[in-house]
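Residue numbers (the working numbering), protein chains in the order written: chain A, 8 to 311; chain B, 4 to 185.
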């Protein structure tokens with residue numbers, strides 16, 4: 008494995024399978040009474056969050072703590088960053104504190120790449136702008152594998168705001184590595200310009216793709232990133248691209264529904280679909296801790 | 004069949020020897036634990052886990068008792084993890100009712116420095132509180148670095164530190180043998 012985890016494209020098929028297999032074993036730790044392993048004792052993990060994110064930060068924190076690493080949480084609000092400190096100076100400060108790994112969330116795409124050139128430790132991308140979120144893709148793949156077995160040849164449909172979604176990009180790259188066939192479904196305004204270079208199919212018609220899907224992953228409509236009129240109204244978006252009860256009924260019987268959260272219930276996904284037994288949404292949260300344990304173990308567990 | 008093994012590798016135990024050693028250990032476990040009622044056999048992956056399974060079957064053949072067996076991966080508890088890249092994990096599979104108040108017999112193929120067993124005791128500590136812990140090994144090759152000894156030994160094999168002991172099992176390697184490699 009590489010020293011850093013910045014893009015899902017950094018992972019070879021063997022790397023990805025090693026992470027998933029490691030997570031499969033580490034998942035058992037969460038089921039026992041002592042949910043802790045001594046493996047990363049004496050290692051320091053810094054959570055460097057320049058963008059609000061409760062679930063990803065807690066997930067990384069829980070993962071690091073279950074492996075006995077020391078965790079330092081650094082959020083931009085109320086810190087030296089709000090006083091105007093640059094990313095580089097922040098990085099050098101963390102370096103001086105002896106961080107073995109820095110988990111970074113930043114609103115600027117590419118921030119983790121820059122960071123990796125300044126610090127000696129491993130850099131883990133916890134979401135950068137509209138670029139990537141590799142651990143989310145890993146936990147999604149892990150959740151799919153647990154429900155469906157191997158991902159080889161599985162048809163995964165990703166629906167919604169692909170343009171602003173780092174989750175979609177990481178998922179397309181990783182699922183392609185793992186041998187799944189991905190179809191993106193979105194209004195043309197919510198697809199990136201170069202989507203034809205991505206290793207996936209593209210469709211504008213959800214109803215045509217649904218009956219041929221093993222997995223349907225709904226993306227959140229990211230209102231906070233919508234600074235232009237990407238679709239006429241929420242109601243129209245929901246009609247054409249929302250997963251409601253009728254569409255859910257037309258999916259193959261064993262197909263599963265995923266959502267990276269947080270959800271807009273009633274907008275991209277109907278409440279009863281989100282709560283159905285074929286939805287993996289709650290599992291995805293639990294699997295998030297497990298997959299992040301696997302990543303931290305594989306990056307920091309050996310010689311560094 | 005002509006066996007083109009390298010000339011410095013010598014088989015110290017063949018298939019039938021391993022079979023007899025395991026049968027004897029099965030008898031010893033039954034004797035020392037007075038019928039193996041609350042015994043759990045926990046093998047250390049990969050070959051220890053296979054041996055634990057075989058021992059369980061052997062005990063069931065000797066006296067009609069069903070002994071639970073499982074596997075205990077110790078990778079996350081090793082003291083040499085940081086002397087190489089992170090290792091892939093083995094499987095941990097415990098019997099459904101856990102290890103609390105049971106007599107756990109750890110099973111491994113080769114006992115050498117004792118460090119793996121130290122790691123196994125730590126791992127076990129996080130999984131529950133057994134009534135007692137014992138150790139069964141197919142080969143004890145000496146050179147202990149910690150105060151650890153085995154309760155059941157298939158064969159005591161005096162070795163030099165420069166030599167290697169390789170255990171082959173049919174389930175994994177296609178045949179049963181213990182080889183000493185100079």
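Glycine included, each C-beta is placed from N, C-alpha and C at the ideal position. Just so it is clear, the structure is predicted and the values come from calculations on it, not from any experiment.
If you run the structure through DSSP and keep just helix, strand and coil, what is residue 159/B?
strand
Strand pairing of residue 272/A, partner residues [DSSP]:
276/A
Nearest neighbour of residue 39/A, chosen from 99/B, 70/B, 93/B and 73/B [CA to CA]:
99/B
Beta carbon of residue 108/B, beta carbon of residue 139/B: below 7 angstroms?
yes
If the criterion is Cβ atoms closer than 7 angstroms, does the pair residue 52/A and residue 71/A meet it?
yes
Note down, in chain order, all residues in the stretch 84-97 of chain B with a beta-carbon under 8 angstroms from any beta-carbon belonging to chain A.
84, 85, 86, 87, 88, 89, 90, 91, 92, 93, 94 and 95
Where residue 4/B falls: helix, strand or coil (DSSP):
Because residue 4/B sits at a pLDDT of 48, beneath the cut-off of 50, its placement in the model cannot be relied upon, and the point is left open.
For chain B, find out if any of its Cβ atoms is closer than 7 angstroms to the Cβ of residue 128/A; answer yes or no.
no
First and last residue of the alpha helix (DSSP H) that includes residue 66/A?
61-73
Where do the ends of the beta strand (DSSP E) carrying residue 6/A lie?
Residue 6/A lies beyond the residue range present for chain A, which begins at 8 and ends at 311; the question has no answer from this structure.
In chain A, what lies closer than 9 angstroms to residue 130/B by C-beta?
39, 40 and 41
Can you list, in chain order, the residues of its chain with a C-beta nearer than 6 angstroms to that of residue 249/A? Leave out the 5 residues immediately preceding and following it.
275
Can the beta-carbon of residue 80/B be found closer than 7 angstroms to that of residue 125/B?
yes
Measure the C-alpha to C-alpha separation of residue 254/A and residue 214/A and round it to an integer number of angstroms.
7 angstroms
Taking the alpha carbon of residue 58/A as the point to measure from, which residue in 37/A, 134/A and 173/A has its own alpha carbon closest?
134/A
Quick check: what's the CA-CA separation for residue 51/B versus residue 296/A?
30 angstroms
Do the stretch 61-75 of chain A and the stretch 88-97 of chain A make contact, defined as three or more Cβ pairs closer than 8 angstroms?
no
Exposed or buried, what is residue 291/A when buried is set at 16 or more other beta-carbons lying within 10 Å of its beta-carbon?
buried
Tell me residue 46/B's beta-bridge partners as DSSP assigns them.
74/B and 110/B
Which two residues bound the contiguous alpha helix (DSSP H) that contains residue 22/B?
18-35
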